[in-house]
Amino acid sequence: KAGVTQTPRYLIKTRGQQVTLSCSPISGHRSVSWYQQTPGQGLQFLFEYFSETQRNKGNFPGRFSGRQFSNSRSEMNVSTLELGDSALYLCASSLLEGQETQYFGPGTRLLVL
Amino acid sequence: AQSVTQLGSHVSVSEGALVLLRCNYSSSVPPYLFWYVQYPNQGLQLLLKYTSAATLVKGINGFEAEFKKSETSFHLTKPSAHMRDAAEYFCAVSGRRAQKLVFGQGTRLTINP
Numbered sequence: 001k002a003g004v005t006q007t008p009r010y011l012i013k014t015r016g017q018q019v020t021l022s023c024s025p026i027s028g029h030r031s032v033s034w035y036q037q038t039p040g041q042g043l044q045f046l047f048e049y050f051s052e053t054q055r056n057k058g059n060f061p062g063r064f065s066g067r068q069f070s071n072s073r074s075e076m077n078v079s080t081l082e083l084g085d086s087a088l089y090l091c092a093s094s095l096l097e098g099q100e101t102q103y104f105g106p107g108t109r110l111l112v113l
Numbered sequence: 001a002q003s004v005t006q007l008g009s010h011v012s013v014s015e016g017a018l019v020l021l022r023c024n025y026s027s028s029v030p031p032y033l034f035w036y037v038q039y040p041n042q043g044l045q046l047l048l049k050y051t052s053a054a055t056l057v058k059g060i061n062g063f064e065a066e067f068k069k070s071e072t073s074f075h076l077t078k079p080s081a082h083m084r085d086a087a088e089y090f091c092a093v094s095g096r097r098a099q100k101l102v103f104g105q106g107t108r109l110t111i112n113p
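Chain order of the listed sequences is A and B. For the first sequence, our numbering assigns the number 1 to the initial residue and increments by one for each residue that follows. For the second sequence, our numbering assigns the number 1 to the initial residue and increments by one for each residue that follows.
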């Protein structure tokens with residue numbers, strides 16, 4: 001069974017631009033979560049989606065948003081990029097909402113110049 | 001609220017020596033506990049998890065961890081280190097019904113030949 005896939009793997013943007021990252025969960029998994037990883041702040045939870053609904057949200061500004069489609073694929077969007085948004089963005093999927101085990105993708109590395 | 005503290009941001013051991021990575025957690029509800037490993041330029045791979053069954057949990061690659069409620073600890077051990085174990089290790093906690101993972105700051109493990 002294929003793992004979690006994320007596209008693109010690497011991205012370079014400039015301040016003020018917006019970016020959309022994509023995540024395809026493991027086949028059959030219906031819950032998708034997003035995390036941001038930076039050297040300074042470590043791994044931080046962004047949001048979780050299940051059945052196309054946001055179930056949980058971390059402490060990030062409104063510039064960070066996401067959505068989930070009927071096939072469980074998810075996208076996250078960051079508008080008005082700031083230098084501090086440079087990070088590795090990780091997507092994780094699990095079978096159901098509240099399932100304890102999350103499986104992570106390889107991440108999208110975003111560099112904001 | 002939940003939190004995780006990993007003692008030691010860097011741990012260095014000799015090949016063949018015991019590996020001990022420390023993790024203490026704080027949780028207001030019975031926790032699920034996890035150890036993930038991250039190799040350079042990759043996502044997170046699940047090593048093992050505690051979900052209230054046996055307190056001694058065996059994972060992949062020869063790692064194991066013991067849940068000690070009285071000490072609020074979930075330390076990761078491996079009897080004999082191998083060069084391929086060099087990576088960053090993250091301890092994480094979640095509530096029984098919450099999908100959100102709260103991560104520690106990570107411990108970078110170096111293996112000396």
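Glycine residues also receive a C-beta, built at the ideal position from the N, C-alpha and C atoms. Here the structure is a predicted model, which is why all the values come from computation and not from measurement.
Contacts that Gln105(B) makes with chain A (C-beta to C-beta distance below 7 Å): Gly42
Leu88(A) vs Arg109(A) beta-carbon contact at 7 Å: yes
Partners in chain A for Gln42(B), counting only beta-carbon separations shorter than 7 Å: Pro106
Neighbour flag for Leu21(A) against chain B, beta carbons, 7 Å: no
Counted within 10 angstroms of its Cβ, other Cβ atoms place Pro79(B) as buried (16 or more) or exposed: exposed
Residue-level contact to chain B via CB, Phe64(A), 7 Å cutoff: no
Straight-line Cα distance separating Ser93(A) from Arg55(A): 14 Å
Closer than 7 Å to chain B by CB, Phe45(A): yes
Amino acids of chain B, ordered along the chain, whose beta-carbon sits closer than 9 Å to that of Leu113(A): In chain order: nothing, as chain B lies at least about 20 Å away.
Chain B within 7 Å of Leu90(A), Cβ atoms only: yes
Beta-carbon proximity check, Ser86(A) vs Asn77(A), cutoff 7 Å: no
For Ile26(A), three-class secondary structure by DSSP: coil
Segment limits, beta strand (DSSP E) that includes Ser94(B): 87-95
Buried versus exposed, by CB contacts within 10 Å (16 or more), Leu18(B): exposed
Under 7 Å between C-beta atoms of Ile60(B) and Leu76(B): no
Start-to-end residues for the beta strand (DSSP E) that takes in Ala65(B): 64-68
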